[in-house]
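Enquirer:
Residue numbers (the numbering used here): 557 to 1163.
1) Touching or not, the segment 1112 to 1124 and the segment 1075 to 1090, by the rule of three or more beta carbon pairs under 8 Å?
2) Hey, would you say residue 944 sits closer than 8 Å to residue 922, going by beta carbons?
3) Check whether the segment 625 to 633 and the segment 845 to 852 are in contact - that is, three or more C-beta pairs closer than 8 Å.
4) Within its chain, find whatever has a CB closer than 8 Å to the CB of residue 688; leave out the 5 residues flanking it on each side and keep chain order.
5) Would you please state the rounded distance, in angstroms, between the beta carbons of residue 714 and residue 745? I believe it to be under 8 Å.
6) If you reduce the DSSP assignment to three classes, tell me which class residue 836 lands in.
7) Taking its Cβ as the centre, do 16 or more other Cβ atoms sit within 10 Å of residue 1033, making it buried, or is it exposed?
8) Which residue marks the beginning of the beta strand (DSSP E) containing residue 818, and which one marks its end?
9) Beta-carbon within less than 6 Å of residue 1150's beta-carbon, same chain only, minus the 5 sequence neighbours each way: which residues are those?
10) Expressed to the nearest angstrom, what Euclidean distance is found between the alpha-carbon atoms of residue 1146 and residue 612?
11) Beta strand (DSSP E) containing residue 1005: first to last residue?
12) Three or more C-beta pairs closer than 8 Å, one from the segment 753 to 773 and one from the segment 881 to 898: is that the case here?
13) Given that a residue counts as buried once 16 or more other Cβ atoms are within 10 Å of its Cβ, and exposed if not, what is residue 719?
14) Exposed or buried, residue 1030, counting other C-beta atoms within 10 Å across all chains shown (16 or more means buried)?
15) For residue 600 and residue 796, I'd like the C-alpha separation in whole angstroms.
16) Using beta-carbon positions only, say whether residue 993 and residue 1010 come within less than 8 Å of one another.
17) Decide if the segment 863 to 873 is in contact with the segment 937 to 956; the criterion is three or more beta carbon pairs, one per stretch, under 8 Å apart.
18) What does a CB cutoff of less than 8 Å around residue 1059 pick up in its chain, not counting 5 residues either side in sequence?
19) List, from N- to C-terminal side, the beta strand (DSSP E) runs of 3 residues or more that fit wholly inside the segment 1025 to 1056.
20) By a C-beta neighbour count over all protein chains shown, 10 Å radius and 16 as the cutoff for buried, is residue 649 buried or exposed?
21) Please go through the same chain and pick out, in chain order, the residues whose beta-carbon is closer than 6 Å to the beta-carbon of residue 1153, but skip the five residues on each side of it.
22) For residue 1148, which residues from the same chain have a beta carbon less than 8 Å from its beta carbon, with the 5 sequence-adjacent residues on both sides left out?
23) Which partner residues does residue 757 have in the DSSP bridge list?
24) For residue 665 and residue 632, I'd like the C-alpha separation in whole angstroms.
25) Determine the burial state of residue 1140: buried for a count of at least 16 other Cβ atoms within 10 Å of its Cβ, exposed for fewer.
26) Report all residues from its chain with a CB closer than 7 Å to the CB of residue 776; omit the five preceding and five following residues, and keep chain order.
27) In chain order, what are the residue ranges of uninterrupted beta strand (DSSP E) at least 3 long that sit wholly in the segment 1092 to 1163?
28) Measure from the alpha carbon of residue 608 to the alpha carbon of each residue in 897, 820, 708, then state which is nearest.
Printed below as a string of structure tokens:
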């Protein structure tokens, strides 16, 4: 399932222990020395199913398999289990001309269905080569490696590919490795391919190898795959990879390179260069999967003991922006002194004030004419020159975790209140030190303002400028000093200070995006002896969903200044997240403009 585009940085859950991964032999010449075997001829006797708890090829469980729940799904619920699955492939939109359409993935009648259709694609996609066809894809949230993976499935009865494969779109855990395993790619209707069981292995990059190569194999069945359901198994061992059809071994390959935790993926694709285009009369056509079952050995794929964050309840929209007067200066769509009924909040800060009330501050501007989330329009950043200020009634956070409970206050730090500064006022972060509150805001140069009461703010001036710019500051107090992290381009940098005013001259690179898009709104918190870096994605190339992707990724490290090789341990739904604790020490996460207009807060659990 070769994806002919770079793999951008995304997230995943439940990583296999990295220390257990053996290194590949750098002397292996893959195409000539990789040991492999494929069955020629019929399957012969197939084992009967006696126990649903074990693989069909090992009904006595002689190998000691243990159920791996994160990748086990009988599809017997009313809808797809989104705790286990992510619809689509955010790092790939589909093989042209068919675009992966989310609604083509469905669970019904105890099966998972991935459908290909002849229909128009969304506006803006044709320039990327997508036209007239849609298909489907989804992948597991979890990643794993060594184990046994079995599905009962029937491919589409049309040309095109129905595929079961493994890949990892997140290169941060193994930055020098990129591999893929294709359990099968089946073409259900083609005189050439409809009986061929196509299997493949890909290596895109290793520390010693920079060129893509693959090891393919096939078994020819005595029947058409699209005529009925069959059981397909894949055993992923440290020393050998093994493929099964209806419980019978059809291929083995020495495992020289495939030791990285990967996502399990199902998709349907047009594949014109290999299988040819489907006959439109055969569409819609559906790839149906009755179950996916996964097993590991007792020591394989065990999640690390360290916790991972999880959104533990619904988002509550605590703040709904109200009508207010725009202070100016004029912008193309907004005039000073004019009242606007709808305002857009963005990157923000949340804290409890001295009078016993919770406060939120953040970027704001009147709603642009072309602002229709998730399509944010060209005016998404127009007139971001001041900050909204919302306040809850006196009481605890939990008491006022109610829709619309936080009310607008006077906007703060408009350009007229900051003479000599650039107009833009972005992404505040607020820390209380020695009495006053200190607000650090951007964009570059990062600047400081102070307040005694969170209502009246006095600009102090610039803190530092950063080559390439600086935005979205966040502060963590650790080991006697403050750590300020911020975004520059596609990297997150950090400086340190003891007084919030004088910062280290040199910045440390904390994290860098290795594939497409930029990190936004970084936030570092400490929990259980580990540090967790949260950030959300800005993907300017995504015309369909809008650049604000509403996905937040979480990386875990022992070092708050180094997440460059840290594992990504969670993917959460939030935009411009702030992670904080309430009076009881309970954790919460906030999000703006998703899932509701305004500011929303949800409980956060560590598991």
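Each residue gets a CB set at the ideal place from its N, CA and C atoms; glycine is no exception.
Expert: Looking at the atomic coordinates:
1) yes
2) Locating residue 944 in the chain shown gives position 388, counting from the first residue. Locating residue 922 in the chain shown gives position 366, counting from the first residue. Against a cut-off of 8 Å, the Cβ pair of residue 922 and residue 944 comes out as no contact.
3) Cβ pair count under 8 Å is three or more, so yes.
4) The sequence position of residue 688 within the chain shown is 132, counting from 1. Result list for residue 688: 653, 674, 675, 676, 677, in chain order.
5) In the chain shown, the residue the question calls residue 714 occupies position 158. In the chain shown, the residue the question calls residue 745 occupies position 189. Sure, about 5 Å apart at Cβ, within 8 Å.
6) Looking up residue 836 in the chain shown gives position 280. Here residue 836 sits in helix by DSSP.
7) By 1-based counting over the chain shown, the position of residue 1033 is 477. Label assigned to residue 1033: exposed.
8) Counting from 1 along the chain shown, the entry for residue 818 is found at position 262. Here the beta strand (DSSP E) through residue 818 covers 818 to 825.
9) Indexing the chain shown from 1 puts residue 1150 at position 594. Cβ within range, chain order: 1106, 1131.
10) Position 590 of the chain shown holds residue 1146. Position 56 of the chain shown holds residue 612. C-alpha separation (whole angstroms): 46 Å.
11) Numbered from 1 along the chain shown, position 449 holds the residue referred to as residue 1005. It spans 1002 to 1007 - the beta strand (DSSP E) in which residue 1005 sits, taken as one unbroken run.
12) no
13) Numbered from its first residue, the chain shown carries residue 719 at position 163. Burial of residue 719 is indicated by the presence of at least 16 other C-beta atoms within 10 angstroms of its C-beta.
14) As a working note, residue 1030 is residue 474 in the chain shown. Buried.
15) The residue you call residue 600 lines up with position 44 of the chain shown. The residue you call residue 796 lines up with position 240 of the chain shown. Whole-angstrom Cα-Cα distance: 23 Å.
16) Position 437 of the chain shown, counting from 1, holds the residue named residue 993. Position 454 of the chain shown, counting from 1, holds the residue named residue 1010. Yes. Within cutoff.
17) no
18) What you label residue 1059 is simply residue 503 of the chain shown in a count that begins at 1. If we look at residue 1059 and ignore the five residues flanking it on each side, its Cβ neighbours are 1019, 1020, 1040, 1051, 1052, 1053.
19) 1027 to 1034, 1037 to 1044, 1047 to 1053
20) By 1-based counting over the chain shown, the position of residue 649 is 93. Buried, because 16 or more other Cβ atoms sit within 10 Å of the Cβ of residue 649.
21) Looking up residue 1153 in the chain shown gives position 597. Cβ neighbours of residue 1153 beyond the five flanking positions: none.
22) Sequence index remark: in the chain shown, residue 1148 carries index 592 (1-based). Excluding sequence neighbours, residue 1148 sits near 901, 902, 903, 904, 918, 1131, 1132, 1154, 1155, 1156.
23) Within the chain shown, residue 757 is the residue found at index 201, counting from 1. DSSP output for residue 757 lists 737, 771 as bridge partner(s).
24) In the chain shown, residue 665 corresponds to position 109, counting from 1. In the chain shown, residue 632 corresponds to position 76, counting from 1. Each residue's Cα considered, the two are about 7 Å apart.
25) As a first step, residue 1140 must be located in the chain shown, where it is residue number 584. With fewer than 16 other Cβ atoms within 10 Å, it is exposed.
26) Sequence index remark: in the chain shown, residue 776 carries index 220 (1-based). Excluding positions up to five away in sequence, the list reads 751, 752.
27) 1104 to 1113, 1124 to 1129, 1134 to 1137, 1143 to 1148, 1155 to 1162
28) For the purposes of this step, residue 608 is taken as residue 52 along the chain shown, with counting starting at 1. Put simply, of 897, 820, 708 the residue whose alpha carbon is nearest the alpha carbon of residue 608 is 708.
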